[in-house]
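According to my numbering, the residues represented by the sequence shown are 130 to 453, in order. We treat Cβ as the ideally placed atom computed from N, Cα and C, and that holds for glycine.
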Amino acid sequence: MKTAITEMFGIEHPIIQGGMHYVGFAEMAAAVSNAGGLGIITGLTQKTPQDLANEIARCKDMTDKPFGVNITILPTLTPPDYPGIVKAVIEGGVKVVETAGRNPSELLPPLKDAGIKVIHKCTSVRHSLKAQAIGCDAVSVDGFECGGHPGEDDVPNFILLPRAADELEIPFVSSGGMADGRSLVASLAMGAQGMNMGTRFIATKEAPVHENVKQAIVAASELDTRLVMRPLRNTERVLNNAGVERLLEKEKELGDALTIQDILPEVAGVYPSIMQEGDMDKGAWSCGMVAGLINDIPTCQELIDGIMSDAEAILARMNGMQAA
Ligand SMILES: Cc1cc2nc3c(=O)[nH]c(=O)nc-3n(C[C@H](O)[C@H](O)[C@H](O)COP(=O)(O)O)c2cc1C
């Protein structure tokens with residue numbers, strides 16, 4: 130399938146694997162890219178720019194297809210070494226960067242000078258327009274369903290995507306709640322040029338996470354995610370577990386008095402224990418409502434091939450409806 134996104138990123142299928150903390154290692158990105166999508170290494174999971182440079186080199190050893198790096202811009206007091214991260218990306222010869230979080234304008238000049246395409250992940254039309262205005266090449270429009278940070282507007286993709294299509298001039302992909310051929314065709318129908326998936330890619334054979342994480346996603350229904358940190362205006366959609374229930378109890382007890390300090394045990398530094406050791410009740414980890422649509426653990430190739438053949442069958446069926 131050829132769309133503005135496959136052309137822009139030099140990929141076979143309009144399917145992107147969004148950056149995911151402690152999931153987006155070289156193994157994940159290479160598996161998605163080798164299957165014809167765009168795999169993405171998560172920049173901030175690497176402790177230093179040198180570690181990121183090594184991870185990019187490892188990915189290059191595993192694929193000769195294009196892959197990207199996610200740079201999440203966090204509202205922290207002691208920011209990561211963003212110039213160092215950008216340098217590692219440029220020197221590593223990476224061709225695509227997915228930015229997320231805050232406005233990426235400060236990172237854009239060096240990335241653009243190096244000919245790198247930038248796709249910014251946004252949860253609203255106004256942020257998408259801002260990304261377009263500052264010179265991003267594409268946008269990933271992340272609806273309320275998404276795993277991770279859906280923002281504070283709570284607009285689901287059936288509204289958000291057509292709204293984005295009505296306003297944007299640059300291409301965009303859908304993100305949040307995407308799982309299969311139906312998601313892809315629906316995204317295209319609503320004006321997207323492809324789709325981005327997070328949670329779905331964790332439940333694949335190659336995802337470098339503990340088996341417990343994959344099984345938790347397969348076992349979960351669409352009712353099993355929770356929104357945490359809403360009182361801090363840093364809302365995150367996570368899979369429910371004992372740690373999340375503890376966290377929500379604190380949010381309820383403390384109300385407006387809640388600070389990040391109160392919930393540090395449930396949110397700070399929990400990803401390695403969850404993703405690598407499979408300690409599922411350790412705390413909050415991002416997961417989308419789309420878990421309800423995930424019932425298997427295929428290879429990335431099986432997943433992407435299945436999505437593309439289902440999408441083609443749906444399009445043919447719809448064509449038939451028109452002819453009838
Ligand atoms: C476990 C997990 C970790 C994530 N970490 C990040 C991250 O570090 N940076 C980022 O920009 N997005 C992150 N995301 C969001 C994904 O890139 C993607 O936008 C989101 O998962 C899409 O929604 P879906 O899960 O319904 O497919 C994460 C998502 C998950 C599930």
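Note that the C-beta distance between residue 306 and residue 417 is below 9 Å. Within a 10 Å sphere around the beta-carbon of residue 267 sit 16 or more other beta-carbons, which makes this residue buried. Distance from the Cα of residue 185 is smallest, within the candidate group 224, 233, 206, for 224.
Counting of Cβ neighbours within 10 angstroms places residue 238 among the exposed residues, the total staying below 16. The closest CA to that of residue 298, considering only 246, 261, 254, is found on 261. Its Cα nearest to that of residue 329, the residue 419 stands out among 141, 177, 419, 281. For residue 271, the shortest separation between its Cβ and any heavy atom of ligand 1 lies below 8 Å.
DSSP places residue 410 in no beta strand (DSSP E); its state is neither H nor E. Inter-segment contact for the region 334-343 and the region 399-406 is present: three or more beta-carbon pairs are separated by less than 8 Å. Restricting attention to 415, 218, 195, the CA atom closest to the CA of residue 370 is found in 415. Looking at the DSSP output, residue 201 shares a beta bridge with 229. In the same chain as residue 286, and ignoring 5 residues on each side of it, the C-beta atoms closer than 7 Å to its own belong to 272, 274, 303, 305, 306, in chain order. Around residue 377, the same chain offers 355, 357 as residues with beta carbons nearer than 8 Å, after the five sequence neighbours per side are excluded.
In the DSSP annotation of this structure, the continuous segment of the beta strand (DSSP E) that includes residue 271 starts and ends at 267-271.
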